[in-house]
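This report concerns only the one structure given below.
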Ligand SMILES: NC(=O)c1ccc[n+]([C@@H]2O[C@H](COP(=O)([O-])OP(=O)(O)OC[C@H]3O[C@@H](n4cnc5c(N)ncnc54)[C@H](OP(=O)(O)O)[C@@H]3O)[C@@H](O)[C@H]2O)c1
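Numbering (my numbering), first residue to last: 229 to 509.
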C-alpha cells in the first residue's frame with residue numbers, strides 16, 4: 229500500500245506514518261510546506277503525481293480558540309482542504325480518509341453521540357470541521373470521515389498529552405472536571421485509520437477508545453494513580469473558570485453504531501496505562 233499522509237508534523241500524522249511504516253506500507257508524509265491542502269491545484273497535482281492507494285488527511289487548523297478570530301484560515305484548512313483532497317482522490321481513484329472531530333456536536337445530548345446524531349457545532353472550529361465533512365461527502369461519496377474523540381499521544385502538545393510530563397515536574401496544575409469526552413489514544417486511532425483506508429467502507433465513523441469516557445480531571449487523576457504521583461498535584465476546576473474565547477461542548481462523548489464494522493477500540497483505561505508505562509517508576 230502506498231499511503232499519503234497530510235499535515236505530517238502533527239500529532240496524529242506522525243503516529244499514522246509510524247504505524248503504516250511498521251505495517252509495511254510505503255508512506256509519503258507531507259507537511260504544510262510540501263502540501264498546503266487549502267491549495268486546490270497543489271492537492272490535485274501532488275496526488276496525481278504520487279498516485280497513492282490511500283490518502284489520510286491529518287492536516288487541520290486545530291487551535292480552537294484562535295479559530296474564533298482566524299476564521300478564514302480555519303475554514304481554508306478545515307473546509308477547503310478536505311474538499312480539495314476529496315476531489316483529487318476521486319480523480320486519482322485513491323481511497324480517502326479525513327479526520328473530523330467530536331466538536332461538530334454542541335454538547336446538549338446526554339450520553340454518547342453516534343453517527344446517527346446531527347451535528348450542531350458551537351464554535352468556529354466545530355463549524356469549519358462540519359463544513360469540511362459536508363464538502364468531502366459531496367465531492368467524493370466514497371470518502372471516509374472519521375470523527376475522533378479527545379486525542380492524546382506522543383509529541384502531542386495538548387493538555388491530555390502533556391499530563392505525564394506535568395506530573396513528572398511535580399508542579400500542581402488544574403484540570404476541568406465538568407466537561408466530558410472520550411479519550412482517544414493516537415496509536416489506536418492510527419491503526420484504525422489505516423484499517424479504514426484499506427477497507428471498502430465509506431461515510432462517517434466515530435472512533436474513540438471505549439468505556440464511559442471521562443473529564444479532563446478524571447483523566448489526570450487516573451494518570452496520577454497509574455504513575456504513582458501524588459493526587460494533590462491535580463485540582464478540579466470548572467470549564468467556565470478558564471474564560472476561553474471559544475465555547476466547548478460540555479459533553480462530546482462519541483460511540484459508534486456502524487453495524488458490525490470493525491472490532492471495538494481498546495478501553496481508554498487500557499490505552500492510557502500503555503501510554504503512561506514509560507513514566508511509571
Ligand atoms: N487533538 C485532538 O484532541 C483532536 C480531537 C478530535 C479531532 N482532531 C482532529 O484530528 C486531526 C489531527 O489533529 P492533531 O491533534 O494531530 O493536530 P495537530 O497536531 O495540530 O496537527 C495538525 C497539522 O496540520 C498542519 N496544517 C494546518 N493547516 C494546514 C494546511 N492548510 N495544509 C497542510 N497542513 C496543515 C499543521 O501544520 P502547522 O504546524 O504548520 O500549522 C499541523 O502540523 C485534525 O483533523 C483534528 O481536527 C483532533
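Even for Gly, the Cβ is constructed at its ideal location relative to N, Cα and C. Quantities reported herein were computed from a predicted structural model and do not represent experimental measurements.
- Cβ-Cβ distances below 6 Å link residue 478 to 335 and 407 in the same chain, with the five nearest sequence neighbours on each side left out; the list follows chain order.
- In this structure, residue 343 lies away from residue 240, with their beta-carbon atoms at least 8 Å apart.
- Residue range 323-329 is occupied by the beta strand (DSSP E) that includes residue 324.
- A contact is defined here as three or more CB-CB pairs under 8 Å, and the stretch 489-503 meets this definition with respect to the stretch 450-469.
- Residue 423 and residue 245 have their C-alpha atoms some 13 Å from each other.
- Taken atom to atom, the span from the alpha-carbon of residue 232 to that of residue 372 is near 15 Å.
- In the structure shown, residue 490 adopts coil according to DSSP, grouped into three states.
- Residues of the same chain with a CB within less than 6 Å of the CB of residue 474, apart from the 5 flanking positions on each side, are 292, 293, 296 and 351 in chain order.
- Annotated three-state conformation of residue 433 is strand, per DSSP.
- In this structure, the beta-carbon distance from residue 405 to residue 480 does not fall below 8 Å.
- Residue 311: member of the alpha helix (DSSP H) spanning 309-320, first to last residue.
- Here residue 394 has 401 as same chain residues with Cβ atoms under 7 Å from its own Cβ, once five neighbours each way along the sequence are excluded.
- Beta bridge pairing from DSSP links residue 404 with 465.
- Distances taken from the Cβ of residue 340 to the heavy atoms of ligand 1 include none shorter than 7 Å.
- Going by C-alpha positions, residue 496 is about 7 Å away from residue 412.
- Look at residue 297 here: in three-state DSSP terms it is coil, with no helix or strand label.
- For the pair residue 358 and residue 302, the Cα-to-Cα distance works out to about 12 Å.
- With respect to residue 507, residue 455 sits close: the two C-beta atoms are nearer than 8 Å.
- The C-alpha of residue 273 lies about 23 Å from the C-alpha of residue 242.
- Under the three-state reduction of DSSP, residue 274 is assigned to helix.
- For residue 263, the shortest C-beta to heavy atom distance toward ligand 1 is below 7 Å.
- For residue 497, there is no enclosing beta strand (DSSP E); the residue is part of the alpha helix (DSSP H) that begins and ends at 496-504.
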